[in-house]
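Participant: Got a structure here, written out as structure tokens. Questions coming.
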Amino acid sequence: RLREALAEMKRGLAQEAAILSTCNRTELYVSSEQPQAVAAWLAQYHRLGPGELASYLYTFHKEQAVRHAFRVASGLDSMVLGEPQILGQMKEAARAAESAGTLGTVLHRLFQRSFAVAKEVRSTTRVGANSVSMATAAVKLAARIFPSLKDQNVLLIGAGEMVELCATHFAAQGPARLTVANRTLERAARLAHRFNGRSIELKSLAEHLHEHDIVVSSTASSLPILGKGLVERALRARRRRPMFMVDLAVPRDIEPEVGELDDVFLYTVDDLAEIVSLNLDARRSAVDQAEAIIESQVGQFMHWMQARESVPLIRALREHAEHARRGEVERALKLLQRGEDAALVLESLSQALTNKLMHGPTQALNDAAGDERRALADLLARLFRIK
514 RLREALAEMK RGLAQEAAIL STCNRTELYV SSEQPQAVAA WLAQYHRLGP GELASYLYTF
574 HKEQAVRHAF RVASGLDSMV LGEPQILGQM KEAARAAESA GTLGTVLHRL FQRSFAVAKE
634 VRSTTRVGAN SVSMATAAVK LAARIFPSLK DQNVLLIGAG EMVELCATHF AAQGPARLTV
694 ANRTLERAAR LAHRFNGRSI ELKSLAEHLH EHDIVVSSTA SSLPILGKGL VERALRARRR
754 RPMFMVDLAV PRDIEPEVGE LDDVFLYTVD DLAEIVSLNL DARRSAVDQA EAIIESQVGQ
814 FMHWMQARES VPLIRALREH AEHARRGEVE RALKLLQRGE DAALVLESLS QALTNKLMHG
874 PTQALNDAAG DERRALADLL ARLFRIK
């Protein structure tokens, strides 16, 4: 449907178009003279009345649109400040538009500059540093306990959104094995399959707990799933090798007494929330630096846009000068063929060419009066670099 939507916009609404669609944003990047018509098309495409969509829309033009694109790519406009996933999603949007034939010169340049700005922001500020989600904080904490996560077995209990996010982040570290436990084996298997892991039923947890070095739990259970006695037995079977446990559930999945056991590192959702909050504060302090980089790059992009708008005029000026040159060269060649003195012919050619090229500016200056004449005189002095 994305390709179809892009093609529809290109047919009569926009010269160029790209669509960025994520879990919490849908943005249309267009080069168009009729943005209101594009908004009306979006409502119609989703079978909505124009009024139904209007209150949820925001529209940015020119410089504002460029600034917005740079902020989005840099993670400054995200729900989680500095999150990196949006950059990959923007790259995918650009690739889709290019594949559909709707990515022209302006949007291609906009996306490429957005990616470059995002890279500069992330490499020169701390906007992207530190964990700002429960899942990333859990991974960072685990990395402090174990020298390498590649040698560890990870157990995720539950199959909801939080466990799915944790699975994504832990799987990216390449653990020795990733296991998903859930009351419904089918749901556990579906999630585990995505990460080449294995699945077990929650009722068999006691048999498998000791096999795992890292345990993350987030279920909707009203009672704890892991008690002190169960974890003690697992530790004995592990010969006291440490276990890192994270309880992201509310109410708790892991009994608080488990944290009293030697060789168990237990963190709760409150512990991780504190880490996330501190790291968010650190990121926010870097926002001013990031905004300064973005403003500088917006200025450069708008300079490119303005220079591009001058191209037709520059082309017309050159064609005008070329027409005058060709006319005088043809006249000079005829005079030379008739045997006229070459020096006199060249002198005549240069004088005639000068007169033709200077006639327009001179006439415009003579026709002007008052403030207009003074402004035009200053402009001509700048154009011809006359002090």
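The working numbering numbers the first residue of the sequence shown as 514 and each following residue consecutively.
Every residue, glycine too, gets a C-beta built ideally from N, C-alpha and C.
None of these values were measured; they are calculated from a predicted model.
(1) Check whether the Cβ atoms of residue 869 and residue 845 sit closer than 8 angstroms, and answer yes or no.
(2) Go through the segment 529-609 residue by residue and report every complete run of the beta strand (DSSP E) that reaches 3 residues or more, in order.
(3) Classify residue 711 as helix, strand or coil using the three-state DSSP reduction.
(4) Please state if the CB of residue 727 and the CB of residue 668 are separated by a distance shorter than 8 angstroms.
(5) Report the three-state DSSP secondary structure of residue 827 (helix, strand or coil).
(6) Pick out whichever of 628, 591, 594 and 622 has its Cα sitting closest to the Cα of residue 604.
(7) So is residue 595 buried or exposed if we call it buried at 16+ other beta carbons inside 10 Å?
(8) So for residue 881, helix, strand or coil by DSSP?
(9) With residue 801 as the anchor, note down where its alpha helix (DSSP H) starts and where it stops.
(10) On the DSSP bridge assignment, give the partners of residue 627 in chain order.
(11) Measuring straight from C-alpha to C-alpha, what distance separates residue 806 and residue 709?
(12) Please name the residue in 588, 801, 559 and 553 whose C-alpha comes closest to that of residue 572.
(13) In three-state DSSP terms, what is residue 774?
(14) Cα-Cα, which of 521, 712 and 551 is closest to residue 699?
(15) Report the option in 569, 896 and 707 whose CA atom is closest to the CA atom of residue 683.
(16) Exposed or buried, which one is residue 732 when buried takes at least 16 other CB atoms within 10 Å?
(17) So what does DSSP say about residue 738, is it helix, strand or coil?
(18) For residue 597, collect the residues of the same chain with a Cβ closer than 8 angstroms to its Cβ; drop the 5 residues on either side in sequence, then sort them by chain order.
(19) Would you check if the segment 674-682 and the segment 648-662 touch, i.e. whether three or more CB-CB distances between them fall below 8 angstroms?
(20) Would you mind stating whether residue 551 and residue 526 have Cβ atoms separated by less than 8 angstroms?
(21) Would you list the residues sitting across from residue 760 in a DSSP beta bridge?
(22) Out of 617, 615, 625 and 618, point me to the one whose CA is closest to residue 601's CA.
(23) For the alpha helix (DSSP H) containing residue 719, list its first residue and its last residue.
(24) How many Å lie between residue 718 and residue 618 at the Cα?
(25) Have a look at 661, 549, 878 and 631 and flag the residue whose alpha-carbon is nearest the alpha-carbon of residue 591.
(26) Which class does residue 640 belong to by DSSP, given the choice of helix, strand or coil?
(27) Put residue 898 into one of helix, strand or coil per three-state DSSP.
(28) Could you check which residue in 656, 559 and 889 has the C-alpha nearest to that of residue 757?
(29) Look at residue 763 and residue 782 and say whether their C-beta atoms are less than 8 angstroms apart.
(30) Could you check whether residue 670 and residue 694 sit closer than 8 angstroms to each other, using their CB atoms as the reference points?
(31) What does DSSP give as the partner residues of residue 767 in its beta bridges?
(32) For residue 887, name the three-state secondary structure that DSSP assigns.
(33) With a threshold of 16 other CB atoms inside 10 Å of the CB of residue 547, please say whether the residue is buried or exposed.
(34) Could you check where the beta strand (DSSP E) with residue 692 kicks off and where it finishes?
Facilitator: The relevant details are as follows:
(1) Taking 8 angstroms as the cut-off, the Cβ atoms of residue 869 and residue 845 do not count as close.
(2) Note on the segment 529-609: whole beta strand (DSSP E) runs with a minimum of 3 residues are 529-534 and 539-544, in chain order.
(3) Residue state, collapsed to three classes: strand.
(4) For residue 668 and residue 727, yes; Cβs fall inside 8 angstroms.
(5) In the structure shown, residue 827 sits in a helix (DSSP, three-state: H, G or I).
(6) Selected option, being the one with the closest Cα: 628.
(7) Its Cβ being crowded by 16 or more others within 10 Å, residue 595 is buried.
(8) If DSSP states are grouped into helix, strand and coil, residue 881 belongs with coil.
(9) That run of the alpha helix (DSSP H) goes 800-822.
(10) The bridge partners DSSP lists for residue 627 come to none.
(11) When rounded, the separation of the alpha-carbon atoms in residue 806 and residue 709 is 41 angstroms.
(12) Out of 588, 801, 559 and 553, 553 has the C-alpha closest to the C-alpha of residue 572.
(13) In this structure, DSSP gives residue 774 a state outside helix and strand, which the three-state scheme calls coil.
(14) The shortest Cα separation from residue 699 among 521, 712 and 551 belongs to 712.
(15) For residue 683, the nearest C-alpha among the options comes from 707.
(16) Around the beta carbon of residue 732, a 10 Å sphere encloses 16 or more other beta carbons of the protein chains shown; the residue is thus reported as buried.
(17) Reduced to three states, the DSSP call for residue 738 is coil.
(18) Here the set comprises 588, 635 and 641.
(19) Yes, they touch.
(20) A contact, by the Cβ cut-off of 8 angstroms.
(21) DSSP lists 730 and 781 as the bridge partner or partners of residue 760.
(22) Comparing C-alpha distances from residue 601 to each of 617, 615, 625 and 618 shows the shortest one belongs to 625.
(23) Counting along the chain, the alpha helix (DSSP H) containing residue 719 begins and ends at 718-721.
(24) Cα to Cα, the separation comes out at about 57 angstroms.
(25) Ranked by Cα distance from residue 591, the options 661, 549, 878 and 631 are led by 631.
(26) Residue 640: coil per DSSP, three-state reduction.
(27) When secondary structure is reduced to three states using DSSP, residue 898 falls in the coil class, being assigned neither helix nor strand.
(28) The shortest Cα separation from residue 757 among 656, 559 and 889 belongs to 656.
(29) Contact flag set, yes.
(30) Closer than 8 angstroms, so yes.
(31) In the DSSP assignment, residue 767 forms a beta bridge with 739.
(32) Secondary structure of residue 887 (DSSP, three-state): helix.
(33) The residue is exposed, with fewer than 16 neighbouring Cβ atoms inside 10 Å.
(34) Note, residue 692: beta strand (DSSP E), 690-695.
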